[in-house]
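Heads up: the structure comes next, in structure tokens.
Protein chains: 2
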Amino acid sequence: MASSNSKTEDSLGEAVYAKMRELLRNGTLAPAERVSEQSLCKLFDVSRTPAREALQRLLSEGFLTTTGGGRMIVATIDIARAEEIYDMREAVECLAARLAAKRAQTADLIELRAILADQEKGQDNETEFLAINDRFHRCIYRISNNRYVQHTAEILRVSAEMIRGETKGRYDYDAWSLDDHRAIYEAIENGDGAAAEEAARQHVRRGRFQRLALLLERTDAPA
Amino acid sequence: MASSNSKTEDSLGEAVYAKMRELLRNGTLAPAERVSEQSLCKLFDVSRTPAREALQRLLSEGFLTTTGGGRMIVATIDIARAEEIYDMREAVECLAARLAAKRAQTADLIELRAILADQEKGQDNETEFLAINDRFHRCIYRISNNRYVQHTAEILRVSAEMIRGETKGRYDYDAWSLDDHRAIYEAIENGDGAAAEEAARQHVRRGRFQRLALLLERTDAPA
DNA sequence: CGAATTTCCAATGTATGCAAAAAGCGTTCT
DNA sequence: AGAACGCTTTTTGCATACATTGGAAATTCG
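These protein sequence lines map, in sequence, to chains Y and D. Mapping the first sequence onto this note's numbering, position 213 (from 1) lands on 906, and the numbers just tick up by one. Mapping the second sequence onto this note's numbering, position 129 (from 1) lands on 822, and the numbers just tick up by one.
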């Protein structure tokens, strides 16, 4: 038995939730796709109860949308919604960076440096890049030491990634990412909250423009 | 039968969740109090399924804490946690105010004015004051037209209210609230996002100092 | 008398049964 | 041919049964 991959979660519902979030993040579950309790049951070989748990949590966090009756589909990220996500991300990421600058211990700085070093090595594909990117930002959330920041920032990250599901196939690794991360790290190392906040703001905004541009292209020239 | 009070929710789980959140907000459920599925079943006369739904959602939103095994208690808000709540609130409330200033229609302004007028009439007790206060801020969240802001701001509001559960009996209606609200309204009416953000920041910070002061008093002189 | 252990019980995790509502679909009527 | 109607099938909402885990209490030993 056992669930093959993934880290051992204590409860099935939790495990299903985590796996579903990953599927949503990496685009395996495309926007507007239908998701039913039954589909999760078969996909993860669990009963309806844990499946329901995961679905309801994903719904309340905005990853899923309910269509008329209780049926659910993967949330579609149109432009208005993308703007909402990035307005919120800017506020939360800036706060995270500012708090991290105030609170980072030497051990935290070492960890961040290691991630930066990995990023400097260069990545072969989008997946690797996204993984390192995630490590960097999640690390900052953790250093901020604020559970609300962590929780919300994680959700917004995945939500923003879902935009890629709307613009699939585009390789959006960009050089500015490394420079931005360096700037954020420097500010954190210096304990300069204002600078960290500003660097984070720049970083979020660049990502915003890039993602929105992709989304607009697709909207202009659809099927 | 039917559920006596409250607005008609379509699903039992939703209804239980809403009622629980209200009980948490108004302090009926005190911090550190145990909450079990069974207790909700009896309290709202539903089966375990909707009770579980509500509990898990409340848990994931930080209103409840799990103790060792899956048992849950009402989250206790110590000082560190209060600081987390207010750090986050500042970011989110400022964003809400800024967005509201950008987007408010005349109808929105009229609604805000009406609430302000109600507040100017004065309130006899804490409950009335809190209700009007809630209306004002919820209205701004709505005007911001950002579901992430709305969702997170609501959660943070209730979480901050839970601090009152830790400091019960204190009547914390204060004169500055009306002045602050007027300032926020003015900025929104003028479409001045920066001013709205700054007014909101002042407002949140005043609330923060007040609440933290109460919490400190109680911590210094406990049982 | 206090501490450790064992036993019992309560609460949660999971699965499933039942009924109602909704979607899908074919048929029929205009 | 298109639209409207009714039936079937699927899916969800709610309730409950079963098993397992963790805690509390009572008992026993030092």
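Here a beta-carbon is modelled for each residue, glycine too, at the ideal position from N, C-alpha and C.
Would DSSP call D:S697 helix, strand or coil?
-> The count along the second sequence starts at 1 and reaches residue 697 of chain D at position 4. Any answer about D:S697 is weak, because its pLDDT of 40 lies below 50 and its placement is not dependable; what the coordinates show is given next. Correct three-state label for D:S697: coil.
Can we say the region 760 to 775 of chain Y touches the region 727 to 738 of chain Y, given the rule of at least three CB pairs closer than 8 Å?
-> yes
What's the C-alpha gap between Y:V739 and D:S753?
-> Numbered from 1 along the first sequence, position 46 holds the residue referred to as residue 739 of chain Y. Numbered from 1 along the second sequence, position 60 holds the residue referred to as residue 753 of chain D. Near 21 Å, if we compare the C-alpha coordinates of D:S753 and Y:V739.
By Cβ distance below 6 Å, which residues in the same chain neighbour D:R899 in space, the five residues on each side in sequence not counted?
-> Looking up residue 899 of chain D in the second sequence gives position 206. For D:R899, where only same-chain residues beyond five positions count, the Cβ hits under 6 Å are W869.
Okay, do the region 809 to 822 of chain D and the region 874 to 892 of chain D touch, 3+ Cβ pairs below 8 Å being the bar?
-> yes
Is Y:Q798 close to chain D, meaning its C-beta is less than 8 Å from at least one C-beta of that chain?
-> Position 105 of the first sequence holds residue 798 of chain Y. Closer than 8 Å to the CB of Y:Q798 there is not a single CB belonging to chain D.
Residues sharing a beta bridge with D:M765, DSSP | Here residue 765 of chain D refers to the residue found at position 72 of the second sequence. In DSSP, D:M765 forms a bridge with D:V728, D:T759.
Assigned exposure category for Y:G884 - 16 Cβ within 10 Å defines buried = For the purposes of this step, residue 884 of chain Y is identified with residue 191 of the first sequence, where counting begins at 1. Y:G884 should be labelled exposed.
Proximity below 8 Å, CB of Y:N839 to CB of Y:L792 = Taking the first sequence and counting its residues from 1, the one referred to as residue 839 of chain Y is at position 146. Taking the first sequence and counting its residues from 1, the one referred to as residue 792 of chain Y is at position 99. Yes; because the gap between Cβ atoms is below 8 Å, this pair is in contact.
Do the region 787 to 801 of chain Y and the region 841 to 857 of chain D make contact, defined as three or more Cβ pairs closer than 8 Å?
-> no
Chain Y beta carbons: is any one of them nearer than 8 Å to that of D:S753?
-> On the second sequence, position 60 is the one that residue 753 of chain D refers to. Yes, contact with chain Y.
Which residues of chain Y have a Cβ atom closer than 7 Å to the Cβ of D:L717, listed in chain order?
-> Your numbering for residue 717 of chain D matches position 24 in the second sequence. Within 7 Å Cβ-Cβ: nothing; D:L717 doesn't reach chain Y, min ~16 Å.
For Y:E820, does the three-state DSSP call read helix, strand or coil?
-> Taking the first sequence and counting its residues from 1, the one referred to as residue 820 of chain Y is at position 127. Residue identity check: residue 820 of chain Y is Thr in the sequence provided, not Glu. Looking at Y:T820 - three-state DSSP - the assignment turns out to be helix.
Chain-ordered residues of the region 827 to 840 of chain D with a beta carbon less than 7 Å from chain Y | N839, R840
Local conformation of Y:D885 per DSSP, three classes | Walking along the first sequence from the start, residue 885 of chain Y turns up at place 192. Shown here, Y:D885 sits in coil according to DSSP, grouped into three states, outside any helix or strand.
Do the region 755 to 763 of chain Y and the region 733 to 747 of chain Y meet, that is, are 3 or more Cβ pairs less than 8 Å apart?
-> no
Could you give the distance in angstroms between the alpha-carbon of Y:C787 and the alpha-carbon of D:E777?
-> Start at 1 with the first residue of the first sequence, and residue 787 of chain Y comes out as number 94. Start at 1 with the first residue of the second sequence, and residue 777 of chain D comes out as number 84. Distance between the alpha carbons of Y:C787 and D:E777: 15 Å.
Should Y:L802 be flagged as near chain D, meaning a C-beta pair shorter than 8 Å?
-> In the first sequence, residue 802 of chain Y corresponds to position 109, counting from 1. It does not: the Cβ of Y:L802 has no partner Cβ on chain D nearer than 8 Å.
Is Y:I778 close to chain D, meaning its C-beta is less than 8 Å from at least one C-beta of that chain?
-> On the first sequence, residue 778 of chain Y is found 85 positions in, with the first residue counted as 1. Any Cβ of chain D closer than 8 Å to the Cβ of Y:I778 would place that residue at the interface, and such an atom is present.
Which of helix, strand or coil DSSP assigns to D:L752 = As a position in the second sequence, residue 752 of chain D is number 59, starting the count at 1. Three-state DSSP puts D:L752 in a helix.
Y:A850 versus Y:L717 - alpha carbon distance = What you label residue 850 of chain Y is simply residue 157 of the first sequence in a count that begins at 1. What you label residue 717 of chain Y is simply residue 24 of the first sequence in a count that begins at 1. Per the sequence shown, residue 850 of chain Y should be read as Arg rather than Ala. Near 11 Å, if we compare the C-alpha coordinates of Y:L717 and Y:R850.
Pull up the CB-CB distance for D:Y841 and Y:M781, whole angstroms please, since I reckon it's below 8 Å.
-> Counting from one through the second sequence, the residue named residue 841 of chain D turns up at place 148. Counting from one through the first sequence, the residue named residue 781 of chain Y turns up at place 88. About 4 Å; that satisfies the 8 Å criterion.
Note the first and the last residue of the continuous alpha helix (DSSP H) segment covering Y:L802.
-> Indexing the first sequence from 1 puts residue 802 of chain Y at position 109. Where Y:L802 is concerned, the enclosing alpha helix (DSSP H) stretches over 799 to 813.
Using a Cβ-Cβ cut-off of 7 Å (strictly less than) and excluding sequence neighbours within five positions of D:F902, which residues of its own chain qualify?
-> By 1-based counting over the second sequence, the position of residue 902 of chain D is 209. Once the five neighbours on either side are set aside, D:F902 has no close Cβ partner at all.
Rounded straight-line distance, which links the Cα of Y:I836 to that of Y:L705 | Position 12 of the first sequence, counting from 1, holds the residue named residue 705 of chain Y. Position 143 of the first sequence, counting from 1, holds the residue named residue 836 of chain Y. Approximately 29 Å, taken between the alpha carbons.
In its own chain, which residues sit with a C-beta less than 7 Å from the C-beta of D:A747, not counting the 5 before and 5 after it?
-> Along the second sequence, read from residue 1 onward, the residue named residue 747 of chain D stands at position 54. Excluding sequence neighbours, D:A747 sits near G706, V709, Y710, M713, L733.
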